[in-house]
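Participant: Structure in structure tokens, see below.
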Amino acid sequence: RVLRGAPRDLAGRRVVVSAGGTREAIDPVRFIGNRSSGLQGYALARTAVARGAQVTLVAANVSLPDPAGATVVRVESTAELRTAVLSASAGADAVVMAAAVADFRPAERATSKIKKTSGEPEAIHLTKNPDILAELGRRRAQHLGRQGPDTGQADQLGGVHQSDGAGQSGRAGQPSGVDQSGGADQLDGVGRPGGAGQGGEAGRLGPEGRSGGAGRAVPDGGPAVIVGFAAETDDVLANGQAKLVKKGCDLLVVNQVGERLAFGTPDNAATILVAGGDPVEVPRGPKEDLADALWTLVAARLT
Ligand code: CTP
Ligand code: CA
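Right under this line is the structure:
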């Protein structure tokens, strides 16, 4: 269905999509992971191919067939995902971080399988993973001569946020909305990549000798359009808006987790937050519909 009548508005564009969920090894047989199936990222890759893009799909632990026409790079850990995404992003027009990236990894990986002992088990100490999306935003912002989105303020917030403890399971209950929107307010106007004006900035600095100009990949600064995903609970839109600003992305797809949506299902419903613009509601439907709505917004920012 995605092949018939698809607009060719991504013809000549190179896009990078990450999909699935990263795994962090505890020992040779165990890992910390998450429930991401990769379905949304794969739908994004398929629809982008159908719209004419050259697609690199960085897939973390996904058991789905390779989408026809896309270059697939398979990774396991966050470190591997980061390397693959940053390398594929060089010279790309857009990057969409649909992967669920582990926020933490075990500080040490046991070289042998951890065995049961008679006493209580040892605690697994965690350390923070790099934030790939924020890094992409920061690189671009630095390249454009602006202050990066993830400043000291944001780092402090990260620390506060993380202090809640070991798990992703901890986040629903913590007052992250308050922390994050406070941080975002402080960053607002500094870290924001500039919304509507951003495409123009990228265009003015656009690659010499490449046709098209406006909205093309920012040379050495990475893709012109940076897209994040966020699964939120509680104050979904406020959390999403804070995340958009903090990470310096152009578009942020905010899923409401729960009601059997998002994880592992063929359907999705989301709000796409737009830097410098109004949010776009995508009603519940196949993940291809959300993908197409997103590519339409990406294509608009590339022209
Ligand atoms: N992301 C990333 N690198 C990380 C964590 C997240 O690139 N280490 C990306 C995800 O791929 C996604 C976006 O950032 O596109 C938002 O992920 P999310 O987990 O919602 O954001 P976090 O900043 O990790 O905040 P939270 O504490 O709510 O998990
Ligand atoms: Ca996270």
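Note that my numbering has the sequence shown beginning at 1089, numbered continuously upward.
We put the CB at the ideal spot given by N, CA and C, even for glycine.
Keeping to the same chain, check which residues put their C-beta closer than 8 Å to that of valine 1161; ignore five residues upstream and five downstream.
Facilitator: Start at 1 with the first residue of the sequence shown, and residue 1161 comes out as number 73. Here the set comprises Thr1144, Leu1145, Val1146, Ala1147, Ala1172 and Ala1176.
Participant: For the stretch 1156 to 1182, which segments carrying the alpha helix (DSSP H) assignment without a break, of at least 4 residues, lie completely within its bounds, in sequence order?
Facilitator: 1166 to 1177
Participant: Alanine 1318 and lysine 1331: beta carbons closer than 8 Å?
Facilitator: Position 230 of the sequence shown, counting from 1, holds the residue named residue 1318. Position 243 of the sequence shown, counting from 1, holds the residue named residue 1331. Yes, these two residues count as a Cβ contact at 8 Å.
Participant: Could you check whether alanine 1107 and alanine 1186 sit closer than 8 Å to each other, using their CB atoms as the reference points?
Facilitator: One-based indexing of the sequence shown puts residue 1186 at position 98. One-based indexing of the sequence shown puts residue 1107 at position 19. Taking 8 Å as the Cβ cut-off, alanine 1186 and alanine 1107 qualify as a contacting pair.
Participant: Taking the beta carbon of glutamate 1320 as the centre, do at least 16 other beta carbons fall within 10 Å, making it buried, or is it exposed?
Facilitator: For the purposes of this step, residue 1320 is taken as residue 232 along the sequence shown, with counting starting at 1. Burial call: buried.
Participant: What three-state label does DSSP hand isoleucine 1220 in the structure shown?
Facilitator: By 1-based counting over the sequence shown, the position of residue 1220 is 132. Residue state, collapsed to three classes: helix.
Participant: Closer than 7 Å by C-beta to lysine 1201: which residues in its own chain qualify, once you throw out the five before and the five after it? Chain order, please.
Facilitator: The residue given as residue 1201 occupies position 113 in the sequence shown. Correct list, in chain order: Asp1115, Pro1116 and Val1117.
Participant: Using only the alpha-carbon positions, how far apart do glycine 1357 and glutamate 1376 sit?
Facilitator: By 1-based counting over the sequence shown, the position of residue 1357 is 269. By 1-based counting over the sequence shown, the position of residue 1376 is 288. Residue identity differs from the one stated: residue 1357 is alanine in this sequence, not glycine. Across the structure, alanine 1357 and glutamate 1376 are spaced so that their CA atoms are roughly 11 Å apart.
Participant: So does aspartate 1191 have its beta carbon nearer than 7 Å to some heavy atom of ligand 2?
Facilitator: If you number the sequence shown from 1, residue 1191 lands on position 103. In this structure, aspartate 1191 has its CB closer than 7 Å to one or more heavy atoms of ligand 2.
Participant: Measuring alpha carbon to alpha carbon, tell me which of Pro1095, Asp1380, Ala1198 and Gly1126 ends up nearest proline 1153.
Facilitator: Counting from 1 along the sequence shown, the entry for residue 1153 is found at position 65. With respect to the C-alpha of proline 1153, the residue from Pro1095, Asp1380, Ala1198 and Gly1126 having the closest C-alpha is Gly1126.
Participant: Is DSSP giving leucine 1340 helix, strand or coil here?
Facilitator: By 1-based counting over the sequence shown, the position of residue 1340 is 252. Of the three classes helix, strand and coil, the one that applies to leucine 1340 here is strand, per DSSP.
Participant: Just to confirm, does aspartate 1097 get its C-beta within under 7 Å of one of the non-hydrogen atoms of ligand 4?
Facilitator: Looking at this structure, you won't find ligand 4 anywhere; what it does contain is ligand 1 and ligand 2.
Participant: Kindly examine ligand 1 and report whether one of its heavy atoms sits closer than 7 Å to the Cβ of leucine 1221.
Facilitator: Position 133 of the sequence shown, counted from the first residue, corresponds to residue 1221. Yes.
Participant: According to DSSP, which residues form a beta bridge with aspartate 1355?
Facilitator: Taking the first residue of the sequence shown as position 1, residue 1355 is located at position 267. Looking at the DSSP assignment, aspartate 1355 forms a beta bridge with Pro1374.
Participant: So what's alanine 1099 in DSSP terms, helix, strand or just coil?
Facilitator: As a first step, residue 1099 is located in the sequence shown; it is residue number 11 there, counting from the start. Here alanine 1099 sits in coil by DSSP.
Participant: Would valine 1386 pass as a contact of alanine 1198 if the rule is Cβ separation under 8 Å?
Facilitator: Here residue 1386 refers to the residue found at position 298 of the sequence shown. Here residue 1198 refers to the residue found at position 110 of the sequence shown. Inclusion of valine 1386 and alanine 1198 in the CB contact set at 8 Å is not warranted, their separation being larger than that value.
Participant: Suppose you measure from the CA of valine 1341 to the CA of glycine 1233; what does that come to, to the nearest Å?
Facilitator: The sequence position of residue 1341 within the sequence shown is 253, counting from 1. The sequence position of residue 1233 within the sequence shown is 145, counting from 1. Between the C-alpha atoms of valine 1341 and glycine 1233 there is a straight-line separation of about 27 Å.
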